[in-house]
Amino acid sequence: MASDSLHAPWRMPYIRSLEKPAGSGCFLCDAAAAKNDEEKRQRLVLWSTEWCVVVINQFPYTNGHLLVSPKAHKAELGELGDEELLDLQKQTVRAIELLKRVQSPQGFNLGVNLGRCAGAGVPGHLHQHIVPRWGGDVNFMSVVGDVRIIPQAMSALYEELMRNL
Numbered sequence: 002m003a004s005d006s007l008h009a010p011w012r013m014p015y016i017r018s019l020e021k022p023a024g025s026g027c028f029l030c031d032a033a034a035a036k037n038d039e040e041k042r043q044r045l046v047l048w049s050t051e052w053c054v055v056v057i058n059q060f061p062y063t064n065g066h067l068l069v070s071p072k073a074h075k076a077e078l079g080e081l082g083d084e085e086l087l088d089l090q091k092q093t094v095r096a097i098e099l100l101k102r103v104q105s106p107q108g109f110n111l112g113v114n115l116g117r118c119a120g121a122g123v124p125g126h127l128h129q130h131i132v133p134r135w136g137g138d139v140n141f142m143s144v145v146g147d148v149r150i151i152p153q154a155m156s157a158l159y160e161e162l163m164r165n166l
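For the sequence shown, my numbering gives the first residue as 2, with consecutive numbering after it.
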């Protein structure tokens, strides 16, 4: 008899990451602190500026899902200075242009989740999601099985985006 189970083993690291005790580290702060190419690759850092860091989301909604975050560990938009706010938007535009060149999406969802109840996985460190979209990219797996199909390995996406910066 066939099993009706759908397996998504990549979800377990995400689930475990939610259980981290306070003060156990922040992946966005770790990404902002990455110094050499190997650390950046391990943390999926595409680039950073004086104020922000741009990373590939390790737990994406879809292929190419990026995060733009201030380097400073701040939870609210109102905590950001003018330079940080402007750079957050400039890097968002730069990330969208990169994804357009590499993946040819037909649209984008942009969003900031403020607070755990609003969906923030890291409520203490503000970040903006950039989610590329294509016509018809919602299929039966996400509707019926609550499973997302990511068609490309993170390492392959990283290499492709880095080649096109």
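Where is the CB? At the ideal position from N, CA and C, for every residue including glycine.
**Item:** Cβ-Cβ distance between His126 and His74 below 7 Å
**Value:** yes
**Request:** Give me the Cα-Cα distance between Leu78 and Gly116, rounded to the nearest whole angstrom.
**Result:** 12 Å
**Asked** Any chance the CB of Leu47 is under 6 Å from a heavy atom of the ligand ZN?
**Response** By its list of ligands, the structure shown contains no ligand whatsoever, and the ligand ZN lies outside what it can speak to.
**Message:** Looking at Val103: is its Cβ nearer than 7 Å to the Cβ of Leu166?
**Reply:** no
**Item:** Secondary structure of Ile131, DSSP reduced to three states
**Value:** strand
**Request:** Note down, in chain order, each residue of its chain lying with its Cβ closer than 7 Å to the Cβ of Val69, except the 5 sequence neighbours on either side.
**Result:** Cys53, Val55, Leu89, Gln92, Thr93, Ala96, His128, Gln129 and Ile131
**Asked** Where does Cys27 sit, in a helix, a strand or coil, going by DSSP?
**Response** coil
**Asked** For Pro124, which residues of its own chain have a beta-carbon under 7 Å away from its beta-carbon, when the five flanking residues on both sides are left out?
**Response** Ala76, Gly116 and Arg117
**Presumed contact (8 Å Cβ cut-off) between Arg134 and Asn114, rounded CB distance** = Not a contact, Cβ separation roughly 18 Å.
**Prompt:** Got a sec, what are the start and stop residues for the beta strand (DSSP E) Ile97 sits in?
**Reply:** Element bounds for Ile97: not the beta strand (DSSP E) but the alpha helix (DSSP H), Asp83 to Gln104.
**Item:** Reference Glu51, options Gln43, Pro71, Ala121 and Gly122, closest by Cα
**Value:** Pro71
**Prompt:** Considering only residues of the same chain and omitting the five flanking positions on each side of Ala121, which have a CB-CB separation below 8 Å?
**Reply:** Asn114 and Leu115
**Asked** In this structure, what does DSSP give as the bridge partners for Cys53?
**Response** Pro71
**Request:** Pull up the DSSP beta-bridge partners for Asn110, would you.
**Result:** Val132
**Prompt:** Taking the DSSP output, what are the residues bridged to Val123?
**Reply:** DSSP lists no partner for Val123.
**Asked** According to DSSP, is Leu47 helix, strand or coil?
**Response** strand
**Prompt:** Going along the chain, which residues of its own chain have a beta-carbon closer than 6 Å to the beta-carbon of Ala33, five neighbours each way excluded?
**Reply:** Val54 and Lys72
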